[in-house]
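Enquirer: In the numbering used here, the protein residues as written are 797 to 1382.
Each residue gets a CB set at the ideal place from its N, CA and C atoms; glycine is no exception.
#1: May I ask you to report which of helix, strand or coil DSSP gives residue 970?
#2: List, from N- to C-terminal side, the beta strand (DSSP E) runs of 3 residues or more that fit wholly inside the region 842 to 878.
#3: With a CB to CB cut of under 8 Å and the five nearest residues on each side skipped, what residues in its chain are close to residue 1294?
#4: Can you tell me whether residue 1428 is buried or exposed, with buried defined as 16 or more other CB within 10 angstroms of its CB?
#5: What is the rounded straight-line gap between the Cα of residue 1357 and the Cα of residue 1342?
#6: Let's test the definition: count the other Cβ atoms within 10 Å of the Cβ of residue 1036 and tell me whether it reaches 16, buried, or not, exposed.
#7: Do residue 888 and residue 1046 have their CB atoms nearer than 8 Å?
#8: Hey, could you find the ends of the alpha helix (DSSP H) residue 1227 is sitting in?
#9: Let me make sure I understand the geometry here. Which of 1043, 1194, 1038 and 1105 has the alpha-carbon closest to that of residue 972?
#10: What's the C-alpha gap between residue 1258 and residue 1211?
#11: Could you pull out every residue in the same chain whose Cβ sits closer than 8 Å to the Cβ of residue 1074, ignoring the five residues on either side in sequence?
#12: With a Cβ-Cβ cutoff of 8 Å, do residue 978 and residue 926 count as a contact?
#13: In the DSSP assignment, what residue or residues form a beta bridge with residue 1381?
#14: What distance in whole Å lies between the Cβ atoms of residue 1158 and residue 1171, which are believed to be in contact at a cut-off of 8 Å?
#15: So which of 1070, 1151, 1131 and 820 has the shortest CA-CA distance to residue 974?
#16: Buried or exposed: which applies to residue 1176, given that a residue is buried once 16 or more other Cβ atoms fall within 10 Å of its Cβ?
#17: To the nearest angstrom, how far is the alpha carbon of residue 1344 from that of residue 1135?
#18: What three-state label does DSSP hand residue 1135 in the structure shown?
#19: On the CB-based measure, 16 or more other CB atoms within 10 Å of its CB, does residue 993 come out buried or exposed?
#20: Should residue 1089 be labelled buried (16 or more other beta-carbon atoms within 10 Å of its own) or exposed?
#21: On the premise that residue 1249 lies in contact with residue 1214, defined as a C-beta separation below 8 Å, what is that separation, rounded to the nearest angstrom?
#22: Hey, out of 911, 1010, 862 and 910, whose CA is closest to residue 897's CA?
#23: Decide if the region 1306 to 1314 is in contact with the region 1184 to 1194; the criterion is three or more beta carbon pairs, one per stretch, under 8 Å apart.
#24: Quick one: complete beta strand (DSSP E) runs, 3+ long, within the region 1082 to 1168?
#25: Near residue 1289, what residues of its chain come up, given a Cβ to Cβ distance below 6 Å and the 5 sequence neighbours on each side ignored?
#26: Cβ atoms of residue 835 and residue 928: under 8 Å apart, would you say?
#27: Is the region 1020 to 1034 touching the region 875 to 889 in the sense that three or more CB pairs, one from each, lie closer than 8 Å?
#28: What residues are listed by DSSP as bridge partners for residue 999?
#29: Quick one: what does DSSP say residue 810 is sitting in, helix, strand or coil?
#30: Classify residue 1179 as helix, strand or coil using the three-state DSSP reduction.
#31: On the DSSP bridge list, what partners appear for residue 1259?
#32: Following the continuous beta strand (DSSP E) through residue 982, name the residue where it begins and the one where it ends.
#33: Within a Cβ cutoff of 6 Å, which residues of the same chain sit near residue 985, ignoring the five residues on either side of it in sequence?
#34: Please confirm if the region 1262 to 1282 is in contact with the region 1195 to 1210, defined as three or more CB-CB distances below 8 Å between the two stretches.
#35: Residues in its own chain within less than 8 Å of residue 1014 by CB, not counting five upstream and five downstream?
#36: Assuming residue 886 is part of the alpha helix (DSSP H), what are its boundary residues?
The following block contains the structure:
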């Protein structure tokens, strides 16, 4: 066996699922890789981890990497820890190796061997080491197979018994595939002497699952240094067929759950080109599942093209959102978080950096100190009164789709348009405007629109009380469902709130909005959430008037976003425009 000058080590992670045939194809491919030196394959099993290590001569590194990667998505990484020292070791040989091992029970053997991890204690480890030498092409199968188990006397007297059909099948399977010179070693590490034999017997029992009527495993005690130092024998006495070698690699093939390798969620390895940026540019939301953990992150430029987090209930969508938001807050960016369950906001408030606490605004309906939102404030920042009116009408129509008729639209259009053109007005004034004549007359004094609003209100005042009630009852029924809640009135009923949504785009604010349905009610939460998202969209469009270099990033996080976005204006348009204006939706 050629000897490597020195061994380099890499840890391998195979992305599941993959079929056992993929492993076989890879080994067959390996048999054609000429000019390589022997390399080492180790399976190291501890109580909570199963590692696959590859030891090779540096001159063979690129060839081996390309070969493995050609058959599956394989990630190579430097081992995080040094290889542990073995306490007892055995060399495993195959008795009657001209017969094939039992090839129809490979999956059970692999499952059984990997399952040993559940029996290990804290400081225990099992190592299966394969030193894989040169290969030999498949042998031609003769018409009459010799009986290699015959005794010398039978051969001398030419009285060799014929092979049984099963023995012939096992020999043909062995000859059918390329063969590899191989050294198989089994190592045990445990401080308890009694456990050394127990673990050794467990491992051997798993391997014996693939013993056939002809081929069987034999073990011989050796010096543990043979595994620790990876000693290379001059003439290996074990020859494995490609499929036998593939089975002893112990790779968890198939889609079913394997010990420490779950079928769902599927383990996905980051692409080879995946790079980790400097800490100040890092937006990490989790860690990779490799043994050497690396942060998973979404670059800011990608976040500004928007992010959608999809997963089943309980999979951790809110955790990902929380982690990303905290990274953006730490970096000093403007952040808006709309949370329908309150948990995300609670976690962020507990972990917010000290340097950003002065930038935090919390809109919480359960608080006794309400932060107000006045949608008519948009008019002071260049959004037309007509656009604000259309936004609110669209929101009301989507919240009450079954009971929004011509009368309701006519009344709400006039009422909202009037308030939009009235200084210091707020949305909570709408029911009063429709029902209180004195208040209405005071508001209408400042309206100068004879062909539009004045025409409607003149018609409205000339109605009898019964006719007026018949006209406005459908609208009032909808408004009372919303504004009968004190918390919503307190939030939307402030004419000059201390906080303006425009500050998100001018002052790098951190705005946390709690839309807990248990406090606000489902429809009130949808109304408030829709007003906020529609307002943010309108203010985003105003950024077109600012030069690109002055548009600092704004990140808007919406948990359970369909509840609010479905009632806002065309969200596809919002996303398309926001991409070019430095606003990212998550």
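Expert: This is what the structure holds:
#1: Counting from one through the chain shown, the residue named residue 970 turns up at place 174. If DSSP states are grouped into helix, strand and coil, residue 970 belongs with the helices.
#2: 846 to 852 and 870 to 873
#3: As a position in the chain shown, residue 1294 is number 498, starting the count at 1. Closer than 8 Å at Cβ, skipping near neighbours: 1167 and 1168.
#4: Outside the displayed span of the chain (797 to 1382) sits residue 1428, for which this structure offers no information.
#5: Stepping through the chain shown from its first residue, residue 1357 is reached at position 561. Stepping through the chain shown from its first residue, residue 1342 is reached at position 546. Rounded to whole angstroms, residue 1357 to residue 1342 spans 28 Å at the Cα level.
#6: Position 240 of the chain shown, counted from the start, is the residue given in the question as residue 1036. Label assigned to residue 1036: buried.
#7: Counting from one through the chain shown, the residue named residue 888 turns up at place 92. Counting from one through the chain shown, the residue named residue 1046 turns up at place 250. Taking 8 Å as the Cβ cut-off, residue 888 and residue 1046 do not qualify as a contacting pair.
#8: As a first step, residue 1227 must be located in the chain shown, where it is residue number 431. Unbroken alpha helix (DSSP H) run through residue 1227: 1226 to 1231.
#9: Counting from one through the chain shown, the residue named residue 972 turns up at place 176. Of 1043, 1194, 1038 and 1105, the residue nearest in Cα terms is 1038.
#10: Translated into the one-based positions of the chain shown, residue 1258 becomes position 462. Translated into the one-based positions of the chain shown, residue 1211 becomes position 415. So the alpha carbons of these two residues sit roughly 17 Å apart.
#11: Here the question's residue 1074 lines up with position 278 in the chain shown. Within the same chain, residue 1074 has no close Cβ partners at all.
#12: In the chain shown, residue 978 corresponds to position 182, counting from 1. In the chain shown, residue 926 corresponds to position 130, counting from 1. In this structure, residue 926 lies closer than 8 Å to residue 978 by Cβ.
#13: Here residue 1381 corresponds to residue number 585 of the chain shown, with the count starting at 1. Its beta-bridge partners are 1352.
#14: Indexing the chain shown from 1 puts residue 1171 at position 375. Indexing the chain shown from 1 puts residue 1158 at position 362. Incorrect: roughly 19 Å between the Cβ atoms, too far for contact.
#15: The sequence position of residue 974 within the chain shown is 178, counting from 1. Checked all of 1070, 1151, 1131 and 820; the closest Cα to residue 974 is 820.
#16: Within the chain shown, residue 1176 is the residue found at index 380, counting from 1. That one is exposed.
#17: Residue 1344 sits at position 548 when you count from the first residue of the chain shown. Residue 1135 sits at position 339 when you count from the first residue of the chain shown. Using only the alpha carbons, I get a separation of about 30 Å.
#18: Here residue 1135 corresponds to residue number 339 of the chain shown, with the count starting at 1. DSSP places residue 1135 in strand when its eight states are reduced to three.
#19: Taking the chain shown and counting its residues from 1, one reaches residue 993 at position 197. Answer is exposed; the Cβ neighbour count stays below 16.
#20: On the chain shown, position 293 is the one that residue 1089 refers to. By the neighbour-count rule (16 or more Cβ atoms within 10 Å), residue 1089 is not buried but exposed.
#21: On the chain shown, residue 1214 is found 418 positions in, with the first residue counted as 1. On the chain shown, residue 1249 is found 453 positions in, with the first residue counted as 1. Indeed, because the Cβ distance is near 6 Å, the residues count as touching under 8 Å.
#22: On the chain shown, residue 897 is found 101 positions in, with the first residue counted as 1. Comparing Cα-Cα distances from residue 897 to each of 911, 1010, 862 and 910, the minimum goes to 1010.
#23: no
#24: 1091 to 1093, 1130 to 1135 and 1156 to 1159
#25: As a working note, residue 1289 is residue 493 in the chain shown. Correct list, in chain order: 1222 and 1224.
#26: Mapped onto the chain shown, residue 928 falls at position 132. Mapped onto the chain shown, residue 835 falls at position 39. The answer is yes: Cβ separation under 8 Å.
#27: yes
#28: On the chain shown, position 203 is the one that residue 999 refers to. DSSP lists no partner for residue 999.
#29: Numbered from its first residue, the chain shown carries residue 810 at position 14. Residue 810: strand per DSSP, three-state reduction.
#30: By 1-based counting over the chain shown, the position of residue 1179 is 383. Here residue 1179 sits in coil by DSSP.
#31: Position 463 of the chain shown, counted from the first residue, corresponds to residue 1259. Paired residue(s): none; residue 1259 is not in a bridge.
#32: Counting from one through the chain shown, the residue named residue 982 turns up at place 186. Its beta strand (DSSP E) spans residues 975 to 985.
#33: The residue given as residue 985 occupies position 189 in the chain shown. So the list reads 880, 882, 883 and 921, once near-sequence residues are dropped.
#34: yes
#35: Residue mapping note: residue 1014 aligns to position 218 of the chain shown, counting from 1. Excluding sequence neighbours, residue 1014 sits near 888, 889, 890 and 891.
#36: For the purposes of this step, residue 886 is taken as the residue at position 90 of the chain shown. Per DSSP, residue 886 belongs to no alpha helix (DSSP H); it is in the beta strand (DSSP E), 884 to 891.
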